[in-house]
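Mapping the sequence shown onto numbering that gives the first Met the number 0, position 109 (from 1) lands on 108, and the numbers just tick up by one. All C-beta atoms in this analysis are idealised placements derived from N, C-alpha and C, irrespective of residue type, glycine included. Worksheet: one structure, shown below.
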Amino acid sequence: MAQPIANQPSSTPQKRRSRRFPFISPVEATWQEANGKVFREAGQATEVNAQGGLLEMKTYPAAGTQIELTNLVTHETSQARVVGVRRNSEGRLLGVAVELFVPSETFWGKNLQLKKTCADLVRLEYEMRSGPFDPRILREFRDAVDNVRKTAWAVQEWQERQSRKQDPLTVIPLLTAEGIRRATQLCDAITAGVAADEVARETVGIDEFFRSVERVHQSLLALLKDPKA
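This is the structure:
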């Protein structure tokens, strides 16, 4: 996106009250200048939280200006106030900081909620490392968190590709590959469990698992032998 062009000077943004998450969400901002001229500018949110976010636009209003934000994915609108701009160490403008009049966990869409949930799970997994847990329990939890993060990423990619008018179905092969990776990881773990006598003939579900492995084996044999595959 082109670097924004200021139509009025802006001030340094106030200190944010909670963590922002890297994010891309198309938005539209509408505001009225002191001379009565109405601006409507498309842009994108790149860092957000429930209190507000950082927007990239070609034209931006002065600090203190009230604007109406529209999320172009959910079509939800919210009133906000410009609290300043952010620049890098070289002085290049990075975006406009805005604060929602009414903090909202839903305005930015489900992708933000997914990011927050995944961040909380990762933090919890890290904190559990110092707890009184068996390494196997920690490994299972870490793998589960990793699976949630990757699936959440697929959901985010689906919505972002839709918003960019790209084919979201291109996410499906990535999900399939991830499913194969998880299945391979699980089978390796079960093999290690058998070798360590953690899996026995009496283990609940062992017969059903064996039949499932047989079905997968036969399907893969047919697939790999098919010259058209």
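- By the C-beta density criterion, V193 is exposed, having fewer than 16 other C-beta atoms within 10 angstroms.
- Using a 10 angstroms sphere on the CB of F209, the tally of other CB atoms stays under 16, which defines it as exposed.
- Rounded to the nearest whole angstrom, the C-alpha separation of R141 and E124 is 6 Å.
- Remark: C-beta atoms of V37 and Y59 do not approach each other more closely than 9 Å.
- In the structure shown, the three-state DSSP call for R200 is coil.
- When rounded, the separation of the alpha-carbon atoms in R214 and A182 is 14 Å.
- Excluding five sequence positions before and after S129, none of the CB atoms of its chain fall closer than 6 Å to its own CB.
- Q184 is the residue among Q184, A199, N70, L68 whose C-alpha sits nearest the C-alpha of E139.
- Between the alpha carbons of V95 and G42 lies a gap of roughly 10 Å.
- As computed with DSSP, M56 is found in a beta bridge with G42.
- The residue from R160, Q161, D166, W152 with its alpha-carbon nearest to that of E177 is W152.
- Excluding sequence positions up to five before and after N87, its CB lies within less than 7 Å of the CB of L93, all in the same chain and listed in chain order.
- One thing to note: Q158 has its Cβ within 9 Å of the Cβ of G108.
- Assignment of W157 by DSSP, reduced to helix, strand and coil, places it in the helix class.
- Going by C-alpha positions, S218 is about 40 Å away from I23.
- Taking all protein chains shown into account, T64 has 16 or more neighbouring C-beta atoms within 10 Å of its C-beta and is therefore buried.
- DSSP, read as helix, strand or coil, puts S218 in helix.
- Around the beta carbon of F100, a 10 Å sphere encloses fewer than 16 other beta carbons of the protein chains shown; the residue is thus reported as exposed.
- Here K224 is exposed: its Cβ has fewer than 16 other Cβ atoms, across all protein chains shown, within 10 Å.
- Residue environment for N48: buried (at least 16 other C-beta atoms within 10 angstroms of its C-beta).
- Fully contained in the stretch 56-135 are the following beta strand (DSSP E) runs of length 3 or more, in chain order: 65-70, 76-86, 92-99.
- Between F20 and L68, the C-beta spacing is not below 9 Å.
- Secondary-structure assignment with DSSP links F22 through no beta bridge to anything.
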